[in-house]
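Each remark here refers to the structure printed beneath this line.
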Amino acid sequence: MRIILIEDEKRLAHIIKKGLEEAGYSVDVSHDGEEGLYMAENFPADAIILDIMLPEMDGLSILGNIRKKGIKTPVILLTAKDTIADKIKGLDAGADDYLTKPFEFGELLARIRSLLRRKTDVKEAVIRVADMEIDTASHEVKRGGKFIPISAKEYAVLEYLAYNKNTVITRTDLTEHIYDESFDTQSNVVDVYINFLRNKIDRGFKKKLIHTVRGSGYILKDKEEQRHDFRQDIQDKTG
Ligand code: CA
19 MRIILIEDEK
29 RLAHIIKKGL
39 EEAGYSVDVS
49 HDGEEGLYMA
59 ENFPADAIIL
69 DIMLPEMDGL
79 SILGNIRKKG
89 IKTPVILLTA
99 KDTIADKIKG
109 LDAGADDYLT
119 KPFEFGELLA
129 RIRSLLRRKT
139 DVKEAVIRVA
149 DMEIDTASHE
159 VKRGGKFIPI
169 SAKEYAVLEY
179 LAYNKNTVIT
189 RTDLTEHIYD
199 ESFDTQSNVV
209 DVYINFLRNK
219 IDRGFKKKLI
229 HTVRGSGYIL
239 KDKEEQRHDF
249 RQDIQDKTG
């Protein structure tokens, strides 16, 4: 998953970016409001962490601008202000959540996970796909109760597919949501990770979970499609 961080205190921004990357997120950082607004409007992010007091343009104005444009990316406001009036103003301007500085990093991570789940069918930290379990807090993956060791990037690919399970995800979607802006999106690296994941997750299991959708992308699937029985139709019509 990919996060935009708009925070002008460089040291704090650096610590948050580093922590988020260690937690497996890709992070694009801006230290001023105007550039932050540009990123929020143009980068395909899964969440935005937004400071309120910023040079060039403040966080609430950024928020107002992106919501006016119909951009629904979840936003967590970060601020030193903790009066009730400011919280109300922020939430009414279209923020999804609010964190007052100083905060515990673990709380920020939990709030991000909670926001990422909101736009999906997933309601808790563990995502289940058939007999596979993906723990989005600890990044542990199990299939059939057995722990499967996977790398950070493999995890990022798998997690994105899992949040969107039973939905076809294009290569472009995957690349955009697991890498930050510095990555060359022409690369076929997603296919490479999918192959690694297949070897680890599906090999030796009768039920395959990762499927290629020709010409489109990939799907992590635990539902069988409803197959229409055309033979039955013909029998019905011809008696
Ligand atoms: Ca600030």
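Sequential numbering from 19 applies to the sequence shown in our numbering. Note that beta-carbon positions come from the ideal geometry of N, C-alpha and C, so glycine has one too.
Give me the residue from Lys137, Ile130, Pro167 and Gly163 with the minimum Cα distance to Ala155. In the sequence shown, counting from the first residue as 1, residue 155 sits at position 137. Per the C-alpha coordinates, the member of Lys137, Ile130, Pro167 and Gly163 positioned closest to Ala155 is Ile130.
Give me the pocket residues for ligand 1, defined as CB within less than 6 angstroms of any heavy atom, sorted by chain position. What you get when you keep residues with a C-beta closer than 6 angstroms to any heavy atom of ligand 1 is Asp26, Glu27, Asp69, Met71 and Leu72.
Between the CA atoms of Leu133 and Leu72 - distance to the nearest angstrom: Counted from its first residue, the sequence shown places residue 72 at position 54. Counted from its first residue, the sequence shown places residue 133 at position 115. The alpha-carbon atoms of Leu72 and Leu133 are separated by roughly 23 angstroms.
Nearest-angstrom Cα separation, counted from Gly235 out to Val93: Here residue 93 corresponds to residue number 75 of the sequence shown, with the count starting at 1. Here residue 235 corresponds to residue number 217 of the sequence shown, with the count starting at 1. Using only the alpha carbons, I get a separation of about 28 angstroms.
At which residue ranges does the segment 204-250 contain complete beta strand (DSSP E) runs of 3 or more residues, listed in the order of the chain? 228-231 and 235-238, all fully within the segment 204-250.
Looking at Ile89: is its Cβ nearer than 8 angstroms to the Cβ of Glu59? Here residue 89 is taken as the residue at index 71 of the sequence shown, counted from 1. Here residue 59 is taken as the residue at index 41 of the sequence shown, counted from 1. The criterion of a C-beta distance shorter than 8 angstroms is satisfied by Ile89 and Glu59.
Distance between Asp220 and Ile237 (C-alpha atoms, nearest Å): Here residue 237 corresponds to residue number 219 of the sequence shown, with the count starting at 1. Here residue 220 corresponds to residue number 202 of the sequence shown, with the count starting at 1. One alpha carbon belongs to Ile237, the other to Asp220, and they sit about 13 angstroms apart.
Could you tell me if Leu176 is buried or exposed, where buried requires 16 or more neighbouring beta carbons within 10 angstroms of its beta carbon? Taking the first residue of the sequence shown as position 1, residue 176 is located at position 158. So Leu176 ends up on the buried side.
Count the other CB atoms, across all protein chains shown, that sit within 10 Å of the CB of Arg136; report buried if there are 16 or more and exposed otherwise. Reading the sequence shown from its first residue, position 118 is the one you call residue 136. When all chains shown are included, Arg136 counts as exposed.
Does DSSP put Val175 in a helix, in a strand, or in coil? Your numbering for residue 175 matches position 157 in the sequence shown. Here DSSP, grouped into helix, strand and coil, assigns Val175 to helix.
Helix, strand or coil, according to DSSP, for Asp26 in the structure here? On the sequence shown, position 8 is the one that residue 26 refers to. If DSSP states are grouped into helix, strand and coil, Asp26 belongs with coil.
Nearest neighbour of Glu74, chosen from Gly51, Asp104, Tyr178 and His157 [CA to CA]: In the sequence shown, counting from the first residue as 1, residue 74 sits at position 56. Minimum Cα distance to Glu74 is reached at Gly51.
Could you pull out every unbroken beta strand (DSSP E) segment of at least 3 residues lying fully inside the segment 114-184, listed in chain order? If only uninterrupted beta strand (DSSP E) runs of at least 3 residues are considered, those enclosed by the segment 114-184 are 115-118, 144-147, 150-153, 159-161 and 164-166.
Nearest by alpha-carbon distance to Ala65: which of Ile168, Tyr211 and Asp198 is it? If you number the sequence shown from 1, residue 65 lands on position 47. When each option's Cα is compared against that of Ala65, the closest is Asp198.
Can you tell me whether Leu96 is helix, strand or coil according to DSSP? Locating residue 96 in the sequence shown gives position 78, counting from the first residue. DSSP places Leu96 in strand when its eight states are reduced to three.
For Glu25 and Leu68, the rounded distance between their alpha carbons: For the purposes of this step, residue 68 is taken as residue 50 along the sequence shown, with counting starting at 1. For the purposes of this step, residue 25 is taken as residue 7 along the sequence shown, with counting starting at 1. One C-alpha to the other measures close to 7 angstroms.
Of all the options Leu30, Ile152 and Gly162, which has the alpha carbon lying nearest to the alpha carbon of Asn182? Residue mapping note: residue 182 aligns to position 164 of the sequence shown, counting from 1. Looking at the Cα atoms, Ile152 is the closest of the given residues.
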